[in-house]
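Peer 1: Quick one: the structure is below, questions incoming.
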Amino acid sequence: MKLSTLWGLVFSLLLNVPALAAAPATLRFATEEWPPFFSAALPGNGLTGTLLEAVLQRMDATARIDYFPWKRAMQLGLNDRRYAGALAMFRTPEREKLCYFSSAVGSRQTVLAYLKDEPVTAARLEDLRGVRIGTVAGYSNGEAFDTLVRSGLLTVDEGLNNEMNLRKLLHRRFSAVVVEKRMLRYTLAGGGYTQAERERIVVAENLFPERSVHVCFQRTEEGLKRQRAFDEAAREVDLARIERDYWRTIGQTARLPPPHQ
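This note's numbering puts the sequence shown at residues 1 to 261.
Following this line, the structure appears as structure tokens:
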């Protein structure tokens with residue numbers, strides 16, 4: 001076979017071989033274990049992890065989620081160049097200076113949990129003056145609550161995580177704890193609590209508004225590009241449907257502790 005003929009055959013074969021698809025880009029994020037929203041033990045790294053992945057797929061990307069205590073997650077996610085950002089954060093004026101916020105990837109409903117036999121009565125946040133309240137270090141619990149804490153009107157005791165705070169509440173080390181409603185439901189439904197312990201905890205749902213959460217991309221030129229691309233992709237994803245399907249998938253049927261009457 002002539003050399004020219006051979007090269008022609010090789011070139012013809014190459015033209016008919018499908019181009020290898022480029023591997024999706026991997027974006028690395030930092031967060032904490034916070035089931036059912038984020039957890040390595042849940043499908044898709046939890047509800048918010050699933051919502052995140054659905055949007056990234058539209059960007060031809062995928063997520064790697066690393067878990068740390070919350071303060072460490074914020075430090076790494078917002079400052080370590082190995083990461084694209086931190087997950088998932090409430091939008092506050094202070095945090096606007098730290099990162100570029102994406103469009104909403106779900107919401108959170110904060111409640112005040114306390115013991116049924118030691119009720120905490122409050123029509124508004126200011127009524128919690130003198131109540132020892134457990135919070136998690138580094139969390140924002142809403143501008144109104146955070147402002148009252150900074151002013152010294154409210155007394156809080158910062159813990160490492162919500163699980164430890166709930167245990168302290170059951171042992172009467174706190175009068176109340178600030179906690180997310182679905183996180184509380186999921187935690188109490190687990191095997192670490194007895195039915196008697198579940199029945200001891202009641203909640204007040206009237207003190208905090210529901211708030212959206214966002215991906216906090218690093219405040220760099222690359223972070224801004226990623227935030228804009230993420231927002232564009234998110235417009236093409238039915239996040240509400242994915243959330244409804246996810247709750248059915250994990251079978252979250254445990255009831256929230258009732259408001260105290």
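Beta carbons are placed, not taken as given, at the ideal position from N, Cα and C, and that holds for glycine. What you are looking at is a predicted structure, and each value in this text was computed from that prediction instead of being measured.
#1: With a cut-off of 8 Å on the beta carbons, I'd call residue 25 and residue 242 a contact; round off their distance for me.
#2: With respect to the alpha helix (DSSP H) encompassing residue 186, which residues constitute its N-terminal and C-terminal limits?
#3: Using a threshold of 8 Å, state whether the C-beta atoms of residue 36 and residue 186 are closer than that.
#4: Nearest by alpha-carbon distance to residue 94: which of 139, 244, 203 is it?
#5: Does the distance from the C-beta atom of residue 202 to that of residue 116 stay below 8 Å?
#6: According to DSSP, is residue 236 part of a helix, a strand, or is it coil?
#7: Unbroken alpha helix (DSSP H) runs of length 4 or more, entirely within the segment 43-115: which are they?
#8: Which first and last residues belong to the alpha helix (DSSP H) in which residue 172 is found?
#9: State the start and end residues of the unbroken alpha helix (DSSP H) segment that holds residue 120.
#10: Give me, in chain order, the residues of the same chain whose beta-carbon lies closer than 8 Å to that of residue 177; leave out the 5 immediate sequence neighbours on both sides.
#11: Counting Cβ pairs closer than 8 Å, one from the segment 120-131 and one from the segment 94-105, do we hit at least three?
#12: So does the segment 149-159 actually touch the segment 203-213, counting three or more Cβ pairs closer than 8 Å?
#13: To the nearest angstrom, how far is it from the Cα of residue 206 to the Cα of residue 76?
#14: Taking only three categories from DSSP, how would you classify residue 204?
#15: So, under 8 Å CB-CB, residue 58 and residue 237 are touching, yes? Tell me the CB distance rounded to an integer number of Å.
#16: With 16 as the cutoff for other CB atoms within 10 Å, does residue 247 come out buried or exposed?
#17: Quick one: is residue 88 buried, meaning 16 or more other Cβ sit within 10 Å of its Cβ, or exposed?
#18: Is DSSP giving residue 135 helix, strand or coil here?
#19: Could you tell me which residues DSSP pairs with residue 217 in its beta bridges?
#20: Taking C-alpha atoms, which residue in 181, 120, 97 lies nearest to residue 224?
#21: In the DSSP assignment, the beta strand (DSSP E) including residue 129 goes from what residue to what residue?
#22: Which residues mark the beginning and the end of the alpha helix (DSSP H) in which residue 147 is found?
#23: Along the chain, where does the beta strand (DSSP E) containing residue 37 start, and where does it finish?
#24: Here's the rule I'm using: 16 or more other beta-carbon atoms within 10 Å means buried, otherwise exposed. How should residue 46 be labelled?
#25: Would residue 218 be called buried (16 or more neighbouring beta carbons within 10 Å of its own) or exposed?
#26: In terms of residue numbering, what span does the beta strand (DSSP E) encompassing residue 30 cover?
#27: For residue 41 and residue 156, what's the separation of their Cα atoms in angstroms?
Peer 2: Well, looking at it:
#1: Not confirmed; about 21 Å, so no contact.
#2: 181-189
#3: yes
#4: Measuring from the Cα of residue 94, the nearest candidate turns out to be 139.
#5: yes
#6: coil
#7: When DSSP assignments are scanned along the segment 43-115, the uninterrupted stretches of alpha helix (DSSP H) that are 4 or more residues long and fall wholly within it turn out to be 46-58, 70-79, 93-96.
#8: Counting along the chain, residue 172 falls outside any alpha helix (DSSP H), and DSSP gives it neither H nor E.
#9: No alpha helix (DSSP H) holds residue 120; DSSP gives it neither H nor E.
#10: Residues of the same chain with a CB within less than 8 Å of the CB of residue 177, apart from the 5 flanking positions on each side, are 112, 113, 114, 133, 134, 135, 162, 165, 166, 168, 169 in chain order.
#11: no
#12: Contact fails: fewer than three Cβ-Cβ distances are below 8 Å.
#13: Taking the straight line joining both Cα atoms gives about 34 Å.
#14: strand
#15: For residue 58 against residue 237, the beta-carbon gap comes to about 6 Å, under 8 Å, which counts as contact.
#16: exposed
#17: buried
#18: strand
#19: Here residue 217 is bridged, per DSSP, to 85, 100.
#20: 97
#21: Counting along the chain, residue 129 falls outside any beta strand (DSSP E), and DSSP gives it neither H nor E.
#22: 143-150
#23: First-last for residue 37: undefined, no H or E at that position.
#24: buried
#25: buried
#26: 25-31
#27: 31 Å
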